[in-house]
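Heads up: the structure comes next, in structure tokens.
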Amino acid sequence: MATPHNSAAMGDIAKTVLMPGDPLRAKYIAENFLTDVSCFNEVRNMYGFTGLYNGTRVSVMGSGMGIPSMGIYSYELYNRYGVEQIIRIGSAGGLADDIALKDVVVAQGACTNSNYASQYQLDGLFAPIADFDLLETAVFCARKAGVHVKVGNVLSSDVFYNANPTFNDCWKTMGVLAVEMEAAGLYMNAARFGKKALCIATISDHLYKTEELSAQERQTGFNEMIKIALETAVKVSD
């Protein structure tokens, strides 16, 4: 059933969806990693595709930037289209000293400064965490491929350009590995609806170093992370 943001019909989308923030990265994945591809969504240029990876049906769709956008698309995928698991594959800014450019981070938990959880009317703070089966499988697939991954906390921030110059320092002192903008919202939606979610991120820049990837490299240069996510999708679909 179509929504205001997704023109797909029921059955067009696989049970497992990979979600990069950038819809052009979704297009890149569909064109370079999947076979028998069909496009199920172009509304707002938020491209979505379904195809086969090593014989397993997988979908890939952009989420846009930030928790509000991820919240909309993941909500609809889980509730309107019968999706069971979403793997976010995105970029992140490094915080930890031992994190380097192009490192792959698997988000065991997602701290946040977002007010997204207020809708659940909880008498306290909710700790958004990944599905352990997805996390364990992703780490296994990474190690099998010879890719060293770091597992731990990330920060899902609502603010990209923060007016507080000490904002990142505070999270770094708590052992947070990297900062991105979507994982916590995805994890909360998954928890709310009894679904599965995982965030895998590639370090595109470091907030305490001068190095960073170009916009083109962010769009097409995350192949290790993409392959880990696709191999994970195959294993959890078996």
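The opening position of the sequence shown corresponds to residue 1 in this note's numbering, with each subsequent residue numbered one higher.
Ideal Cβ placement from N, Cα and C applies to all residues, glycine included.
Distance from the Cα of T202 is smallest, within the candidate group A26, K196, E211, K102, for K102. Contact check for F33 and I226: beta-carbon distance about 6 angstroms, within the 8 angstroms limit, so the pair qualifies. Apart from the 5 residues on each side of it in sequence, A233 sits with its Cβ closer than 6 angstroms to the Cβ of T16, V58 in its chain, given in chain order. DSSP places S91 in the strand class (E or B) of the three-state scheme. Contact between I228 and V104 holds: their C-beta atoms lie close to 7 angstroms from each other, under 8 angstroms. For the pair K235 and A191, the Cα-to-Cα distance works out to about 21 angstroms. Look at L122 here: in three-state DSSP terms it is coil, with no helix or strand label. In the DSSP annotation of this structure, R143 is not part of any beta strand (DSSP E); the continuous alpha helix (DSSP H) holding it starts and ends at 132-144. Under DSSP, F49 forms a beta bridge with C39, V60. Here the alpha carbon of R25 sits roughly 18 angstroms from the alpha carbon of E212. Inclusion of S38 and T50 in the CB contact set at 7 angstroms is warranted, their separation being smaller than that value. Cβ contact annotation for E224 (same chain, cutoff 7 angstroms, sequence separation greater than five): V104, V147, in chain order. Rounded to the nearest angstrom, the gap between the Cα atoms of N153 and V83 is 25 angstroms. For I200, the enclosing beta strand (DSSP E) covers residues 196-206.
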